[in-house]
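Remarks on the structure that follows.
Number of protein chains: 2
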Amino acid sequence: MTRLFNDPAAFADEALEGFAAAHRGWVRPVTGGVVRAAGTPAGQVAVVVGGGSGHYPAFSGLVGRGLAHGAAVGNVFASPSAQQIRSVARSAHGGAGVLLMYGNYAGDVLHFGQAAERLAGDGIEARTFAVTDDISSAAPEETAKRRGIAGDLPVFKAAAAAAEEGLPLDEVLRVAEHANARTRSFGIAFSGCTLPGADHPLFTVPEARMAVGLGIHGEPGIGEESLPTADEAARLMVGALLKELPEGVDTPDGQRAAVILNGLGSVKYEELFVVYRKVAALLGDAGVDIVDPEVGELVTSFDMAGVSLTLTWLDDRLEQLWRAPADTPAYRKGAPLAQEPATEAAAPYVEEIDDSRVPDATEESRGSAAHVLAALNAVADIVDTHAGELGRIDAVAGDGDHGIGMQRGTTAALEAAVRAHDLGAGAGTVLVHAGDAWADKAGGTSGALWGTILRSLGTRLGDQDAPTAEAVAQGVSDASDAVRRLGGAEVGDKTMVDVLVPFADTLAEAAGEGLPLTEAWQRAAVTAEKAAAATADLLPRKGRARPHAEKSLGTPDAGAHSLALITRAIHGVLPDHPLDQH
Amino acid sequence: MTRLFNDPAAFADEALEGFAAAHRGWVRPVTGGVVRAAGTPAGQVAVVVGGGSGHYPAFSGLVGRGLAHGAAVGNVFASPSAQQIRSVARSAHGGAGVLLMYGNYAGDVLHFGQAAERLAGDGIEARTFAVTDDISSAAPEETAKRRGIAGDLPVFKAAAAAAEEGLPLDEVLRVAEHANARTRSFGIAFSGCTLPGADHPLFTVPEARMAVGLGIHGEPGIGEESLPTADEAARLMVGALLKELPEGVDTPDGQRAAVILNGLGSVKYEELFVVYRKVAALLGDAGVDIVDPEVGELVTSFDMAGVSLTLTWLDDRLEQLWRAPADTPAYRKGAPLAQEPATEAAAPYVEEIDDSRVPDATEESRGSAAHVLAALNAVADIVDTHAGELGRIDAVAGDGDHGIGMQRGTTAALEAAVRAHDLGAGAGTVLVHAGDAWADKAGGTSGALWGTILRSLGTRLGDQDAPTAEAVAQGVSDASDAVRRLGGAEVGDKTMVDVLVPFADTLAEAAGEGLPLTEAWQRAAVTAEKAAAATADLLPRKGRARPHAEKSLGTPDAGAHSLALITRAIHGVLPDHPLDQH
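First to last, the sequence lines map onto chains A and B.
Using the UniProt record's numbering, read the first sequence as starting at 1 and increasing by one per residue.
Using the UniProt record's numbering, read the second sequence as starting at 1 and increasing by one per residue.
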């Protein structure tokens, strides 16, 4: 969906204007596009790239030292006209001729070809070159019919780096041909894109499906499949590219390749990284040495959701050109800062924190640790059982991740507790380790608070004595204080504090009356359940409000509810012989 | 929509792994996040930033020389745990203490605060600093309650650049405070975002509405309005930021500001540039001098559609820190290449091509030019009237922009023709100028072909004689030949050639029989209409296929249809006294 525009007909022009205004250090607007702000050095071949708008950073974002000398920019998804190209090329011309480069599309071929003819008429020597990297757009024996997609970048870059070296026009053209012959791309798409002012997408991909080899303007691909996992997507793309090696490359093993994992618009960088993780592993397995990979949006198609993988199989010459520095608005290579030497302090810090620190414990406390394990087991179980419900409650006014976060935390807490117990830890240390693991894995606010609860309780119980009801009650009170201090919430704010405080108070009162732990805990658990239910009548305090918190009236707080569930679950596994009767 | 993932619970970890694999030159993974690959120089304060995943390039993408020394990376939208932060900080520590920096969110405040305490326990001096730039999240008198959004970047950068200078910890902290006090952001959003594995968005914004000040995790904003134009969006954001100037800035006039126009995820770069165009103009109007603007995705919120504007009001010190070089995976500043001097060849090329070149014309040809104007007027009218229909026909199997493209072309052609006619051009020159303008403004394949049609016709007619029917027919035949040569299509390929060739042939035949132009044209126009209708029975030739071209069976070709419409419209304005009877 394109939402931010003024007159749709002016979109491409206004975008180019804003782009140029934001990048004055790199580019200067001219009729038809942009050229380098500092111009083309005299006697250097000018590489002028171009194509329709909607593919940013192609094409204007690739203008600058080490890459293009100019970009002709057409309307949305429409080739620039021959006049525009001619104008840009004349501005970019440094006296040594112009190489016009573009993706292989009918409109571009037409206009760039006409522009070259007119430039010849102007006395400027010009050559044209169309990039043809998309292997799904035509068969291997018809490579000249293939489209140009993200392979534009390495092919443009190779030619531009050669121009930067001062090579003459026809040699720059030969470099482009050589780079293109060794560059292959393969893409998949999950959605189309919507142009400015349009009320429906230019093309569509069915929900939960993937178009294999779909072109960047919706040109037909080679098939449709179910939505893959990230790893499957990586396998599909790597597999397709390893199947069609360029001439002169018999096996991937031992080869070097420039790798570009390109997002087409609305795929997130995080998703690209998840896919790249597997791409790198698969190429590594095949024996390919990855050189200077690029993961990001290099050639887009508006807000299309899709991803493509490009490999340029490098020989020494192409590797040198790929590694050459570049400085454009959207593509920078080479260090702007001299590298400082690594320091002593940079030595990797890999200690698994606290994990091996298990203080001595008494037999009694180690025995109680088994009960702690049982309790944490029950906690993990109850959270697992109710994770969906907790998520739904949280989603009413929050971000809906309470169930997932609690699952992560309780699972990690149980694992850490088992580990500590195996190492002979007492009840206190088991709880402290469990709390740290909970906070560590769950993250977020609830992770921090639950980590604190377990840590407070563990610190109070220690590793010496078997826990008494009083000690447990005191530990819970410590936890209640710590949570209020850390989280800054008070009773009535519609948080877990609404349950934790009365639970702690009731437990302390009951323990003070001399009740055994199971009975005291039972009374406190009932209080907790009532308090959790009562949070449905509350509005969160202003300033502590979670998203759309006002919507949550009538629904209990998720953190309060999960705490009540947990107190109940723990009661179910408290030993028949209460701890204080050991 | 997040589509590319494996196990949703592993998403953040896998993304971090892939990120680190793709950026080995910059970062090294450690427990809990990443640190600079080259480590922290000995004796330098380490700036460790962090927060939840889903905000890339925040936070891992900002690690490198001139910016952060390390990033602690939590789960999706969840703070990293104190343990993770502590681990990253210990790895990044260069012996001079650590400044922990993050956006002001409850979970982050909790965990970073706990981490600082534990680091103190480890013997590492640590300070914490929460960025609070989002002015819509709390009132001016409660700035400490404000959230941190894209202002993270300039505040992190100021502190890091100060650390890079070798300042001690407390002075680096003071720089952070100073930068934060002069940094303000304001954002708008159009959609929520969907987390990995979720089947519905985390939060939503109603269709065609805009949430003003919505937080990056869906925290409530300050209102909801209709979807603005790009210029209105710019006005809203600039207006809000100019209303709340920081202490010490009485009027924007004469001030310098770092400007960040930040995309939240699925807003396209082109849209950002359109908005930036107006932002720059408005700030210029207010007297603000923009220093090194950044337009792009700097702090995102998964695939949320939204945009925020950040201003850091610069004094000399902050400007120096903002301009300092940086080299991180996602943020690079400073030239990797020495600037070459501008050359003669770089002189701007601004000639409005051909526009002033009007050869002498006879009175007769100038008279005919008036008829050409009338014809172009009729062409523009008929295209305007049918633009929607042409778009719909084209959308069946193409990209649906034929109507818009033809409108752009015919409008530009008419304007150029009027201009040429005003300058005294003859019929031939008027047509050539009109053709060039058509190709120039419409772009795309059809723009190139129509430009060629008018140019061919104009070249044949010349500026001397009043056009005869024979000359017009010969010009149309020239156009038909040129279109086939340029476009590579033949009759039967389901393109405009299916109409142009029989139209040209019939016109030539009728003119050859001695018919006056209106009658010859009438006969040819009937042929054209039939030929256009007949394209509905054709399938495009393989290899020339437009997207999903097979769907177009039963629908005429849009280019063929518009050509037939145009021949009919021109017939309607041919002079009562046919040209050849003058």
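Using N, Cα and C, we set each Cβ at its ideal position, and we do this for glycine too.
Treat the numbers as computed from the prediction; the structure is a model and nothing was measured.
8 angstroms is my cut-off, CB to CB: does residue i come that close to chain B?
i	result
Val274 of chain A	yes
Ser136 of chain A	no
Gly403 of chain A	no
Gln83 of chain A	yes
Asn104 of chain A	no
His433 of chain A	no
Ala189 of chain A	no
I need the DSSP call for residue i, collapsed to helix, strand or coil.
i	result
Gly296 of chain A	strand
Trp26 of chain B	coil
Arg419 of chain A	helix
Leu195 of chain B	coil
Ala130 of chain B	strand
Glu225 of chain B	strand
Ile216 of chain A	coil
Ala346 of chain A	Residue confidence is low: Ala346 of chain A scores 45 on pLDDT, short of 50, so the model does not pin down where it sits. No coordinate-derived value is stated.
Ser301 of chain B	strand
Return the CA-CA distance between residue i and residue j, expressed in angstroms with no decimal places.
i	j	result
Phe59 of chain A	Asp493 of chain B	31 angstroms
Thr143 of chain A	Thr128 of chain A	17 angstroms
Ala240 of chain B	Cys193 of chain B	25 angstroms
Thr183 of chain B	Trp313 of chain B	6 angstroms
Ala473 of chain A	Ile404 of chain A	29 angstroms
Ala345 of chain A	Trp26 of chain B	In this predicted model, Ala345 of chain A has a pLDDT of only 42, less than 50, meaning its place in the structure is not dependable enough to derive any value.
Val47 of chain B	Gly64 of chain B	10 angstroms
Tyr349 of chain A	Arg323 of chain A	With a pLDDT of only 48 at Tyr349 of chain A, under 50, the local geometry of the prediction cannot be trusted, and the value read off the model is given with reservation. Cα-Cα distance, rounded: 31 angstroms.
Asn180 of chain B	Thr132 of chain B	7 angstroms
Asp122 of chain B	Val175 of chain B	25 angstroms
residue 591 of chain B	Thr229 of chain A	Since the first and last residues shown for chain B are 1 and 582, residue 591 of chain B lies out of range.
Gly391 of chain A	His200 of chain B	12 angstroms
Leu414 of chain A	Asp498 of chain A	26 angstroms
Ala162 of chain A	Val172 of chain A	6 angstroms
Trp450 of chain A	Ser456 of chain A	10 angstroms
Are the Cβ atoms of residue i and residue j separated by less than 8 angstroms?
i	j	result
Gly97 of chain A	Ala68 of chain A	no
Leu309 of chain A	Val279 of chain A	yes
Leu99 of chain B	Ala115 of chain B	no
Leu119 of chain B	Ala89 of chain B	yes
Pro140 of chain B	Glu244 of chain B	yes
Thr468 of chain B	Phe503 of chain B	no
Thr300 of chain B	Tyr56 of chain B	yes
Ala532 of chain A	Asp381 of chain A	no
Between the options, which lies nearest to residue i when the distance is taken from Cα to Cα?
i	options	result
Ala233 of chain B	B:Arg256, B:Ala425, B:Arg209 and B:Arg484	B:Arg209
Asp536 of chain A	A:Asp557, A:Ala528 and A:Gln522	The displayed chain sequence assigns Ala, not Asp, to residue 536 of chain A. Residue A:Asp557 is the option with its Cα nearest to Ala536 of chain A.
Met1 of chain A	B:Asp440, B:Ser191, B:Ala533 and B:Gly33	B:Ser191
Leu373 of chain B	B:Leu507, B:Gly426 and B:Asp285	B:Gly426
His371 of chain A	A:Glu509, A:Leu62, A:Asp292 and A:Thr518	A:Thr518
Glu225 of chain A	A:Val432, A:Ala92, A:Arg419 and A:Ala189	A:Ala189
Glu364 of chain A	A:Asp253, A:Gln464, A:Gly447 and A:Ala82	A:Gln464
Thr267 of chain B	A:Gly572, A:Arg3, A:Ala532 and A:Pro575	Residue identity differs from the one stated: residue 267 of chain B is Val in this sequence, not Thr. For the residues A:Gly572, A:Arg3, A:Ala532 and A:Pro575, the minimum Cα distance to Val267 of chain B belongs to A:Arg3.
Leu264 of chain B	B:Ile290, B:Val295 and B:Met304	B:Met304
Gly107 of chain A	B:Gly284, B:Ala489, B:Thr385 and B:Leu553	B:Ala489
Tell me, please, whether the CB atom of residue i is closer than 8 angstroms to any CB atom in chain A?
i	result
Gly487 of chain B	yes
His111 of chain B	yes
Lys268 of chain B	yes
Asn6 of chain B	yes
Asp303 of chain B	yes
Met1 of chain B	yes
Asp327 of chain B	yes
Between residue i and the ligand COA, is the CB less than 7 angstroms from at least one heavy atom?
i	result
Ala439 of chain A	Looking for the ligand COA in the displayed structure turns up nothing, as the structure carries no ligands at all.
When the cut-off is 8 angstroms and only beta carbons count, does residue i lie next to chain C?
i	result
Glu165 of chain B	Looking for chain C here will not work: the only protein chains present are A and B.
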